[in-house]
Amino acid sequence: MGRHGLRCRHFMEAVVRRASFLVSEFGVEDLMRVWQGFIRFSRDNRAFYHSAMPKVRMQVKNLTVPQLILALRGARDLQQSQGFIDLHAAACAELTLKIDKLSMAQAANCLCHTGFNTKFRTQAQGLVKAVEQTWSETEDLTSLRVVEVVDTLETFTSWGMKPFPLLARLDGLLVDRQVELKYTGNVSLWVLATQAFSNIEYLDARWPLVALELSRDKLFLEKISFFQQCTLIISLAKLRLFDEAAYRNIAELLLSDMGLFKDMQDLAPVLAAYASVGYFHQQLFGTAYGRMIDWFEAETLDMKRRDTHGALVQAAWSFALAGYHRHFESFAAVLDYAFFENSVNMRPATLKRVAQLADIVLQEAPELAAACHYSEKVSSTRADPRMRNLLASEPVSDPKLLQDIRTTLQELSWQHETCAFETGSTSAFYVDLSLAPQLGQKVGFMTAGYLDSVRVGLPDEGLEMREGGTLAVARRVLASHGWHTAVVAKDEWSRLENVAQKSDFLNALVRKAMEDPPVAS
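All the letters of the sequence shown, read from the start, carry residue numbers 125 to 645 under my numbering.
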């Protein structure tokens, strides 16, 4: 078998050389037949494609739809060359003009080759939008195969497109064919579908709930790769879906291959996913913490890279949510790595996490903050002008919910203050609605939009939602400042029909908040 394989390889190399030599003699039909013959291994046969590309580019307006799709695929595969970027744009433009002539399968094939890429030009996005508009007006999409539905979702969401009516129909197709999707030869399809919905945080999608149920089966989870398991847990967390069995299963599988985490960019998003839903798997976090300390001691992290520093801050933030700063003196080393970078060089998301990390540590473990090499930076970060401007300009989690509550408070003649920071403090956390002007005490409301509340289990199980990790730590830090806070959840508020019901609801929250001691958990 090896001997014949080697002979075949030598034969193909000779064919590629000969085909490259004969490009000038080929007509369009013959040229595209050869193009099709080599397309599966286009990168290995790049000599032919580089020879053929100029001729195909010149003839692009004369190509048929199948030939244009072939050109599109080859151009996508060989996008490192500027000539193929030009060919990709030209093919997209021609296919957009012929959109009415494309079958559903051909349109789906186009989407497979036009996912977002910084190298692709506006013609690629134009083709994607043309397909979206055509399919939105098409009544029957059932001829699409499952793999085509997933490819479509990936492409739409990669461009940040949110055609929700169409997405809902595609979502329905996946749910209806979940058995096919579950047992398809491509074991990653169900994960990719979940990731696509998470990319645009489409919380109303039904497929992720099916994925959550599938994740309860550890044997089924074992079929996907380690990094697909990472993708799945990150996607479920972004969609604010939680199930203890599913999260525990994934954690246990990740633990069995922790050596595959080679750097912070791989590890940090997984930890942040668990932290964002407030589930801290003890063994996973403990092993991950030990691995991070090992990287510190071996000095294997390239902290000059902004991505590495951002990932480390994300991991440190996750460990702080889990309370590691209160239990491990070695967390001072984590702070050293997190705070050595100048805030001017940080991205807004990283700067916000650094400020929150400083606030958490200074409030809950000030002696640890004093023990690190950058203790002055830890103390001054919260007052950093750029950070204060970032916090001041950051919108609340749900502006409409906040405004509805404010309107009710005004109707009840309750004095209040919005986005109230601790007096005389440079805290990174604030109370959405402070009732201190009315009650003379540190009592306030925290609004919980859909991204602050985590759905637990499946809808028919009727389990209560839980606070997201970010909201929980905000309340924890505010409690250390003496604040009594109550959470106004969007789903609960939306069920209240009149001012009287809203008044009773708010009064009950205030009473409960004042009864609970403002002590950080």
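The C-beta atom is built at its ideal place from N, Cα and C for all residues, glycine as well.
Given this structure, state the Cα-to-Cα distance separating residue i from residue j, to the nearest angstrom.
{"i": "Leu268", "j": "Ala229", "result": "7 Å"}
{"i": "Gln438", "j": "Val334", "result": "29 Å"}
{"i": "Ser517", "j": "Val468", "result": "17 Å"}
{"i": "Phe455", "j": "Arg590", "result": "28 Å"}
{"i": "Met638", "j": "Leu379", "result": "42 Å"}
{"i": "Arg364", "j": "Phe629", "result": "25 Å"}
{"i": "Arg167", "j": "Gly198", "result": "9 Å"}
{"i": "Leu445", "j": "Tyr398", "result": "10 Å"}
{"i": "Phe344", "j": "Val311", "result": "10 Å"}
{"i": "Ala338", "j": "Ala624", "result": "Note on identity: in this sequence residue 338 is Leu, with Ala being the wrong assignment. Cα-Cα distance, rounded: 43 Å."}
{"i": "Ala329", "j": "Leu316", "result": "14 Å"}
{"i": "Ser645", "j": "Gly309", "result": "At Ser645 the pLDDT is 47, less than 50, meaning the model places this residue with poor confidence; the figure from the coordinates comes in the next sentence. Their backbone Cα atoms lie some 47 Å apart in a straight line."}
{"i": "Glu137", "j": "Phe385", "result": "38 Å"}
{"i": "Glu588", "j": "Trp617", "result": "15 Å"}
{"i": "Cys132", "j": "Asn169", "result": "14 Å"}
{"i": "Glu278", "j": "Val303", "result": "20 Å"}
{"i": "Glu500", "j": "Phe420", "result": "21 Å"}
{"i": "Glu261", "j": "Ile374", "result": "40 Å"}
{"i": "Asp483", "j": "Arg429", "result": "25 Å"}
{"i": "Leu65", "j": "Gln257", "result": "Because the chain spans 125 through 645 in this model, residue 65 falls outside it and cannot be assessed."}
{"i": "Ser400", "j": "Asp522", "result": "17 Å"}
{"i": "Gln247", "j": "Glu153", "result": "25 Å"}
{"i": "Ala596", "j": "Ala370", "result": "22 Å"}
{"i": "Lys342", "j": "Phe409", "result": "20 Å"}
{"i": "Met125", "j": "His134", "result": "With a pLDDT of only 46 at Met125, under 50, the local geometry of the prediction cannot be trusted, and the value read off the model is given with reservation. Approximately 14 Å, taken between the alpha carbons."}
{"i": "Lys253", "j": "Ile324", "result": "16 Å"}
{"i": "Arg293", "j": "Ala422", "result": "51 Å"}
{"i": "Ala479", "j": "Leu221", "result": "51 Å"}
{"i": "Leu196", "j": "Glu272", "result": "17 Å"}
Using DSSP's beta-bridge definition, name the partner residues of residue i.
{"i": "His608", "result": "Val567"}
{"i": "Phe366", "result": "Val580"}
{"i": "Glu616", "result": "DSSP output for Glu616 lists no bridge partner at all."}
{"i": "Glu591", "result": "Ser577"}
Considering Cα atoms alone, identify which of the options is closest to residue i.
{"i": "Asn233", "options": "Ser260, Gly250, Lys243 and Ile193", "result": "Ile193"}
{"i": "Thr210", "options": "Lys179, Leu221, Asp300 and Phe463", "result": "This sequence places Asp at residue 210; Thr is not what is there. Looking at the Cα atoms, Lys179 is the closest of the given residues."}
{"i": "Asp556", "options": "Thr571, Val567 and Gln565", "result": "Thr571"}
{"i": "Leu391", "options": "Gly402, Asp431, Glu421 and Leu587", "result": "Asp431"}
{"i": "His605", "options": "Asp628, Ala552, Ile358 and Ser577", "result": "Ala552"}
{"i": "Gly151", "options": "Arg164, Arg131, Cys132 and Met182", "result": "Met182"}
{"i": "Met156", "options": "His134, Phe135, Leu187 and Thr266", "result": "Leu187"}
{"i": "Glu465", "options": "Asp576, Arg450, Leu436 and Arg164", "result": "Leu436"}
{"i": "Leu313", "options": "Ala248, Ser349, Glu376 and Asp522", "result": "Ser349"}
{"i": "Leu202", "options": "Ile163, Ala473, Leu235 and Ala375", "result": "Ile163"}
{"i": "Lys185", "options": "His134, Gly161 and Ala214", "result": "Ala214"}
{"i": "Thr276", "options": "Pro190, Glu218, Leu235 and Phe351", "result": "Leu235"}
{"i": "Leu602", "options": "Leu486, Cys216 and Lys222", "result": "Leu486"}
{"i": "Thr355", "options": "Gln191, Gln534, Pro332 and Cys496", "result": "Pro332"}
{"i": "Lys243", "options": "Leu221, Gly284, Ala217 and Arg200", "result": "Arg200"}
{"i": "Pro393", "options": "Ala412, Ile223 and Gln406", "result": "Ala412"}
{"i": "Ile417", "options": "Gln406, Gly434 and Phe452", "result": "Phe452"}
{"i": "Lys566", "options": "Gln319, Thr424, Lys524 and Arg635", "result": "Arg635"}
{"i": "Gln319", "options": "Ser359, Glu346 and Leu305", "result": "Ser359"}
{"i": "Tyr307", "options": "Asp426, Thr424 and Lys347", "result": "Lys347"}
So, are the CB atoms of residue i and residue j less than 8 Å apart?
{"i": "Lys614", "j": "Tyr554", "result": "no"}
{"i": "Asp460", "j": "Tyr498", "result": "yes"}
{"i": "Val140", "j": "Ala171", "result": "yes"}
{"i": "Lys286", "j": "Ser322", "result": "no"}
{"i": "Val580", "j": "Phe404", "result": "no"}
{"i": "Gly586", "j": "Gly402", "result": "no"}
{"i": "Lys626", "j": "Thr542", "result": "no"}
{"i": "Leu297", "j": "Leu251", "result": "no"}
{"i": "Ser442", "j": "Leu395", "result": "yes"}
{"i": "Val270", "j": "Ala231", "result": "no"}
{"i": "Gly239", "j": "Ser205", "result": "no"}
{"i": "His608", "j": "Asp584", "result": "no"}
{"i": "Arg510", "j": "Leu475", "result": "yes"}
{"i": "Phe569", "j": "Ala610", "result": "yes"}
{"i": "Ala462", "j": "Leu481", "result": "yes"}
{"i": "Ala493", "j": "Arg450", "result": "no"}
{"i": "Gln562", "j": "Gln534", "result": "no"}
{"i": "Leu226", "j": "Val274", "result": "no"}
Taking 7 Å as the line, does the beta carbon of residue i fall inside it for any heavy atom of the ligand MN?
{"i": "Arg600", "result": "With respect to the ligand MN, the structure shown offers nothing to examine, as it has no ligands at all."}
Minimum length 4: unbroken alpha helix (DSSP H) runs contained in the stretch 503-586: Annotation note: the stretch 503-586 contains the following uninterrupted alpha helix (DSSP H) runs of length 4 or greater, listed N- to C-terminal: 509-517, 523-535 and 560-563.
Uninterrupted beta strand (DSSP E) stretches inside the stretch 436-515 (no shorter than 3 residues): For the stretch 436-515, not a single whole beta strand (DSSP E) run of length 3 or above is found.
Secondary structure, alpha helix (DSSP H): runs of 4+ residues fully inside the stretch 190-227: Annotation: the stretch 190-227 contains the following complete segments of the alpha helix (DSSP H) (minimum length 4 residues), in chain order: 206-221.
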